[in-house]
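Residue numbers (this note's numbering): 4 to 141. Glycine is no exception: its CB is placed at the ideal position from the N, C-alpha and C atoms. Keep in mind the model is a prediction, meaning the values are calculated, not measured. Working notes for the structure below.
Written out as structure tokens, the structure is:
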């Protein structure tokens, strides 16, 4: 099945385009930023981050983003390590949601003379879609 990836910098119109896709084409839009936020706050991800970056877990179990930012934005190798923890989890969740959207999409009804149009493909909206994401999700 076809999958759509929509990318662009802040202010480029991704939200406007996806609103139109949803309204006119019935396309399910999956927002990578929303997915990433959920993954990054999941127990598995927060545990992995806290283990890799001691002193970044708050008493309530969440990650102290300010403390983590001070570490990863001052040392590129630490940022790479953080991305190595979070990116695979985010990719897996994006892929799972794309698969679920395809599975939930109504199949074309068989007909002796006419074929119904195919179901609309899901669309992943992301600020950046790189080759690793394309290979994993598509």
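Item, Value
"Cβ pair count under 8 Å reaching 3, the stretch 120-129 against the stretch 78-88", "no"
"When 13, 14, 28, 15 are compared against residue 7, the one with the closest alpha-carbon", "28"
"Best match in 49, 33, 96 for proximity to residue 64 [C-alpha to C-alpha]", "49"
"Rounded straight-line distance, which links the Cα of residue 70 to that of residue 15", "31 Å"
"Proximal residues to residue 96 (C-beta, below 7 Å), its chain only, five neighbours per side dropped", "38, 42"
"Residue 34 to residue 86 span [Cα, whole Å]", "19 Å"
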